[in-house]
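Structure record follows, encoded as structure tokens.
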Amino acid sequence: MCECKNCNNCDKKDDGLTISRRKAMAWSIGVINLAVFGAVFGPVLGFLGSPLRARSKKEWVSVCGLDDLEPGKTKEVTYVVRVKDGYTMADHRYALYLKRDGDEVVAIDPACTHLGCKVQYQEKQARYLCPCHGGVFDTEGNVVSGPPPKALIRHAVEVRDGQVFVQRNA
Amino acid sequence: MAREVITPEKPAEITHPPMEPTEELRVERPSLRDWTDLRLGWWGFVRKNLDEPMPPGVGWWQTLGNLLLTLLLFQFVTGFALAMFYAPSPQSAYESVVHITTLVPLGSFVRGLHVWGSTLIVVVTVLHILRVFFWGSYKKPRELTWLVGVLIFNVILGFSFTGYLLPWDQKAYWATVVGTRIAATVPFVGHDLLVLIRGGEEVGALTLTRFYAIHVMLLPAALMGLTALHLYLVRRLHIAGPVLPQKGKPVPFFPVQLFRDAVVVLVGLGLLVYMAAAFPPAIEAMADPAGTDFSPRPEWYFLGLYELLKIMPQGYEVVATVVVPGLVSLGMLFLPWLDRSPSRHPAMRASIIVAGTAVCLLIGLMTLKGILETPPPHGESHSEPAPTHAMRVE
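So the protein lines, in turn, are chains A and B. Numbered according to the numbering used here, the first sequence spans residues 3 to 172. Numbered according to the numbering used here, the second sequence spans residues -18 to 375.
What follows is the structure, encoded as structure tokens:
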């Protein structure tokens, strides 16, 4: 009968220093399992997390002519850009609120800063209203009431040769 | 049905006394049932389950689990059928769902079974959870059965959230824009979380493939594993029975309780078939990221959360998106350890009963408020798809 604490079938006594064959194999099995898991889940997690490493850059897009905008009024315009959407290049349509003051144009993104619903401009009230959770913004995009944490995002605008260009993330 | 169970450990004794020639023939050529039983032990497994003792007082309330299991199996079958006609890309998802709904024979009905099935599953799951809660059936030694059940509930909600995007219509797109933005309100890692879930900054092609993969591979695998564990625990620990032990002897699961199960399954499935046939699910206009004239709304069982978001003051949305749902989830998960009372009787654990009822009432009221404030659906009636859809396909 073996007196070893670590195994049932060897004839060595456990001296507390020598690692038993049984224990060594148990550890090896554990290490092999870890390596196998790592070999599968490591690359898979890195693969799934790849969108985190994508860096966005800015680009200028022509959205309309300056003459299309009536001074002092807010107008909703839509424009189409060709964007890389995952595995495909696609024409995406985006909306934008443009407000013209003289030759100055302010471009307000319609995505509510609360949870991303599209705000709707109400001309009579001169307010942007969010249909989801009741956010209200003034004509400059500042929060008037409701849950939105900050003002609507403004895009940088340039007017070149009578065309309105807006800077957006590509 | 007294019948000896044949197991590999205990083969049938066939040595003595000397057998008649006909008997010898039977042993050499066993019946198909004996042959399979020796190898699979199937009959023993079935009989063990049919003989499962039901404590006196077990009745109609204990049929919900079986109904739920049947609905989930149905969902798997209809989902498999839909996946055969569905294409998960922004260019084709909408067209393929319109094709299923308008042109594939019985397509609208099968899609109806899947859509109404998801609603029915949520309703039955909630009833099942409430029954276990009020009966105190989650107490020792059934804590883990409850915990696994709560995980299954979360998997079911995951199914409904990911499935909602797949038709790629306005409702699907905008509910997902808002739903995924909720992840961005998590402090510190919110934005990374959002990008991980969407597969990019915007809801797009990669969001759709991600949600599709999660909906048809990850969640079904998780659901199967968890459900197997749940059922194993239910059988291992047996049914808890009524809060106060009742007079009488336990009766086998078959036939009385199984008959009740069958009746409830029949009624539940009947309701599902009726809903799918009478109210085929609509499909709205195709997702338009530029559309500003659309009011996004989530599926009705997320409306409570939606209403909570409305009443949160500026800067406190994280309370509605993370803190409250997180606390409710954790409270549910660890209920067996929060409720320390050894008694299962509701009167003996008043604080937990009151707290649980209050949470249920609040969720119910918020959901009701959300339902009442929902504007009528956009566009045409449910039963007739808009002509534009048909034109798109042709």
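Positions of the beta carbon are idealized from the N, C-alpha and C atoms, including for glycine.
Distance between residue j and residue i (C-alpha atoms, nearest Å)
{"i": "Y193 of chain B", "j": "G144 of chain B", "result": "7 Å"}
{"i": "R147 of chain A", "j": "W116 of chain B", "result": "Note on identity: in this sequence residue 147 of chain A is Ser, with Arg being the wrong assignment. If I take the Cα positions, the gap works out to 45 Å."}
{"i": "G38 of chain B", "j": "L199 of chain B", "result": "39 Å"}
{"i": "I155 of chain A", "j": "A263 of chain B", "result": "34 Å"}
{"i": "L138 of chain B", "j": "V245 of chain B", "result": "23 Å"}
{"i": "A153 of chain A", "j": "P168 of chain B", "result": "19 Å"}
{"i": "L210 of chain B", "j": "F43 of chain A", "result": "24 Å"}
{"i": "F139 of chain A", "j": "I110 of chain A", "result": "11 Å"}
{"i": "P323 of chain B", "j": "F234 of chain B", "result": "27 Å"}
{"i": "W149 of chain B", "j": "M329 of chain B", "result": "50 Å"}
{"i": "F167 of chain A", "j": "G296 of chain B", "result": "33 Å"}
{"i": "L122 of chain B", "j": "V340 of chain B", "result": "Correcting the residue type first, residue 122 of chain B is Pro in the shown sequence and not Leu. Cα to Cα, the separation comes out at about 25 Å."}
{"i": "D93 of chain A", "j": "L187 of chain B", "result": "16 Å"}
{"i": "Q124 of chain A", "j": "G104 of chain A", "result": "22 Å"}
{"i": "A331 of chain B", "j": "L100 of chain A", "result": "59 Å"}
{"i": "N47 of chain B", "j": "D242 of chain B", "result": "6 Å"}
{"i": "P149 of chain A", "j": "T157 of chain B", "result": "19 Å"}
{"i": "G136 of chain A", "j": "K152 of chain B", "result": "18 Å"}
{"i": "H326 of chain B", "j": "M313 of chain B", "result": "19 Å"}
{"i": "D163 of chain A", "j": "R162 of chain B", "result": "38 Å"}
{"i": "V105 of chain B", "j": "L45 of chain B", "result": "7 Å"}
{"i": "L305 of chain B", "j": "V176 of chain B", "result": "In the sequence as presented, Leu is not what sits at residue 305 of chain B; that position holds Val. About 23 Å."}
{"i": "A158 of chain A", "j": "V58 of chain B", "result": "51 Å"}
{"i": "V27 of chain B", "j": "S73 of chain B", "result": "46 Å"}
{"i": "E182 of chain B", "j": "L52 of chain B", "result": "36 Å"}
{"i": "V248 of chain B", "j": "K59 of chain A", "result": "57 Å"}
{"i": "Y173 of chain B", "j": "R191 of chain B", "result": "The amino acid at residue 173 of chain B is misidentified as Tyr; the sequence shows Asp. Rounded to the nearest angstrom, the two C-alpha atoms are 16 Å apart."}
Min CB distance residue i to chain B below 7 Å
{"i": "Y130 of chain A", "result": "no"}
{"i": "G32 of chain A", "result": "no"}
{"i": "L100 of chain A", "result": "no"}
{"i": "Y54 of chain A", "result": "What sits at residue 54 of chain A in the sequence shown is Leu, not Tyr. Yes - at least one Cβ of chain B is within 7 Å of the one on L54 of chain A."}
{"i": "K59 of chain A", "result": "no"}
{"i": "H135 of chain A", "result": "yes"}
{"i": "P151 of chain A", "result": "yes"}
{"i": "P112 of chain A", "result": "yes"}
{"i": "G118 of chain A", "result": "yes"}
{"i": "T141 of chain A", "result": "no"}
{"i": "A97 of chain A", "result": "yes"}
{"i": "Q169 of chain A", "result": "no"}
{"i": "Q122 of chain A", "result": "yes"}
{"i": "T76 of chain A", "result": "no"}
Chain A within 7 Å of residue i, Cβ atoms only
{"i": "P187 of chain B", "result": "In the sequence on display, residue 187 of chain B carries Leu and not Pro. For L187 of chain B, the answer is yes, since a Cβ of chain A falls inside 7 Å of its Cβ."}
{"i": "S73 of chain B", "result": "no"}
{"i": "P168 of chain B", "result": "no"}
{"i": "Q295 of chain B", "result": "yes"}
{"i": "L290 of chain B", "result": "yes"}
{"i": "E298 of chain B", "result": "yes"}
{"i": "A271 of chain B", "result": "yes"}
{"i": "S77 of chain B", "result": "no"}
{"i": "D150 of chain B", "result": "no"}
{"i": "V197 of chain B", "result": "no"}
{"i": "V176 of chain B", "result": "yes"}
{"i": "P277 of chain B", "result": "yes"}
{"i": "R373 of chain B", "result": "Low per-residue confidence applies at R373 of chain B: pLDDT is 36, beneath 50, and the placement is therefore not dependable, though the value from the model is reported in the following sentence. Cβ-Cβ to chain A under 7 Å: no for R373 of chain B."}
Supposed close pair residue i, residue j - CB separation, criterion 8 Å
{"i": "K75 of chain A", "j": "R102 of chain A", "result": "7 Å"}
{"i": "L49 of chain B", "j": "H109 of chain B", "result": "6 Å"}
{"i": "V159 of chain B", "j": "C119 of chain A", "result": "6 Å"}
{"i": "T166 of chain B", "j": "V303 of chain B", "result": "6 Å"}
{"i": "Y96 of chain A", "j": "V83 of chain A", "result": "7 Å"}
{"i": "Q169 of chain A", "j": "D274 of chain B", "result": "Not really, about 26 Å apart at Cβ, beyond 8 Å."}
{"i": "Y154 of chain B", "j": "A268 of chain B", "result": "3 Å"}
{"i": "A259 of chain B", "j": "F90 of chain B", "result": "With a Cβ gap of about 11 Å, A259 of chain B and F90 of chain B do not count as contacting."}
{"i": "S70 of chain B", "j": "L189 of chain B", "result": "6 Å"}
DSSP beta-bridge partners of residue i
{"i": "K29 of chain B", "result": "Answer is none; K29 of chain B lacks a bridge partner."}
{"i": "M91 of chain A", "result": "A:K86"}
{"i": "Q165 of chain A", "result": "A:G67 and A:R162"}
{"i": "F139 of chain A", "result": "A:Y130 and A:V145"}
{"i": "G98 of chain A", "result": "The identity of residue 98 of chain A in the sequence shown is Leu, whereas the question assumes Gly. According to DSSP, L98 of chain A bridges with A:V79."}
{"i": "H110 of chain A", "result": "Rather than His, the amino acid found at residue 110 of chain A in this sequence is Ile. A:Y99 and A:R156, per the DSSP bridge assignment."}
{"i": "V232 of chain B", "result": "B:M35"}
{"i": "K60 of chain A", "result": "A:N171"}
{"i": "M267 of chain B", "result": "B:D150"}
{"i": "Y123 of chain A", "result": "A:Y130"}
{"i": "P73 of chain A", "result": "A:R102"}
Cross-chain neighbours of residue i in chain C, by beta carbon under 8 Å
{"i": "G180 of chain B", "result": "Among the chains of the structure shown, chain C does not appear; the protein chains present are A and B."}
Notebook entry, point to check: Which runs of the alpha helix (DSSP H) spanning at least 4 residues fall entirely within the segment 97 to 181 of chain B, listed in chain order?
Noted result: 124 to 146, 151 to 165 and 171 to 179
Item checked: Ordered list of alpha helix (DSSP H) runs contained in the segment 188 to 224 of chain B, each at least 4 residues -> 200 to 218
Next item on the list: Please specify which runs of the alpha helix (DSSP H), each continuous and at least 4 residues long, are wholly inside the segment 296 to 322 of chain B, giving them in chain order.
Entry: 305 to 314 and 316 to 319
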